[in-house]
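Residue numbers (the numbering used here): 228 to 357.
Below: the structure, in structure tokens.
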């Protein structure tokens, strides 16, 4: 199984805002200062987006390209696949996410609804309900 990563949806005002950003252009990407050391393991994996301290969706990783300024673009499929919301603390940059720790995708018949407020997700996680 491929390795995944997590990243905060910095600047997104909502999950729909994030979706719109990803789906606006055919070449969606996120920028990072350093190439992940385990980048080869991440091909076929996904970037899981954190919004309001909750994993809300994922974008499959297509590859990594270096920019002229030395930074790296994480090339993504231009879509946001909803996942079961899961509490996730905020962090700077990105972090690896093992496949067994990744939340499952929401099925086509499941209702996504709005993202729960982070304080509710945290409390539900403490109780083992999410």
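Ideal Cβ positions, reconstructed from N, Cα and C, are used throughout, including at glycine.
To which residues of the same chain is residue i closer than 8 Å at the C-beta, ignoring the five residues directly before and after it?
i	result
residue 303	249, 255, 256, 257, 274, 286, 287, 288 and 289
residue 325	230 and 231
Would you report the Cα separation of residue i and residue j, rounded to the nearest angstrom?
i	j	result
residue 293	residue 309	28 Å
residue 297	residue 260	8 Å
residue 280	residue 237	11 Å
residue 243	residue 320	22 Å
residue 240	residue 327	29 Å
residue 334	residue 353	25 Å
residue 267	residue 295	21 Å
Is the distance from the Cβ of residue i to the Cβ of residue j below 9 Å?
i	j	result
residue 276	residue 245	yes
residue 233	residue 306	no
residue 351	residue 317	no
Below 8 Å on the Cβ atoms is my contact criterion, and I expect residue i with residue j to pass it. Report the Cβ-Cβ distance as a whole number of Å.
i	j	result
residue 229	residue 269	6 Å
Which residues in the same chain have their Cβ closer than 7 Å to the Cβ of residue i, if we skip the five residues on either side of it in sequence?
i	result
residue 262	291 and 299
residue 265	230 and 323
residue 278	236, 239, 242, 245 and 342
residue 301	256, 257, 259, 274, 288 and 291
residue 355	none
Which same chain residues, not among the five before or five after residue i, have their C-beta less than 6 Å away from its C-beta?
i	result
residue 332	308 and 310
residue 272	229, 230, 231 and 288
Does residue i have its Cβ less than 9 Å from a Cβ in chain C?
i	result
residue 266	The structure shown contains no chain C; it holds only a single protein chain.
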